[in-house]
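If you read the sequence shown in the numbering used here, its first letter stands for residue 63, the second for the next number, and so on.
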Amino acid sequence: MDNTRIYRMSFAGVYPLYIQKAERKGRSKEEVDEIICWLTGYSPASLQQQIDNKVDFEHFFKQSPSLNPNVSKIKGVICGYRIEDIEDPLVQKVRYLDKLIDELAKGKSMEKILRK
63 MDNTRIYRMS FAGVYPLYIQ KAERKGRSKE EVDEIICWLT GYSPASLQQQ
113 IDNKVDFEHF FKQSPSLNPN VSKIKGVICG YRIEDIEDPL VQKVRYLDKL
163 IDELAKGKSM EKILRK
């Protein structure tokens, strides 16, 4: 699998799609932001700065303050791949985020999504 496309994909370009997906299912932008901040360690202000700077996924995750220690609890299949079996660390982080947004859109409680 060629992952260079994921590395160069603009986080700012995908972010509105995350929000649209959540809002179509009655969830909010604030919940999307909470999930992203939980996963990456960004504050809401630093998350907005990353969006404004139009960083790609590679730099978005490289510059993130700290991946949440409970990230290993995120399991399952996303886009046909089992998350825990993905070998490329960046692709795995992107898929973690995809999985969390999917869970939000499917109506899971924030407590379950954030692995509390």
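No residue lacks a Cβ here, since even glycine has one placed at the ideal position from N, Cα and C.
Residue burial annotation: A84 is buried, with at least 16 other C-beta atoms found within 10 angstroms of its C-beta.
Its chain contains V117, F119, F122 as the residues whose beta carbon lies nearer than 6 Å to that of F73, once the 5 sequence neighbours on both sides are disregarded; these appear in chain order. Residue environment: V139 is assigned as exposed (fewer than 16 neighbouring CB atoms within 10 Å of its CB, all protein chains considered). Counting along the chain, E173 sits inside the alpha helix (DSSP H) bounded by residues 172-175.
In terms of Cα proximity to D164, the closest of C141, I148, E149, L129 is C141. In its chain, beyond the 5 residues on either side, D95, I98, C99, T102 have a beta carbon closer than 8 Å to the beta carbon of L109.
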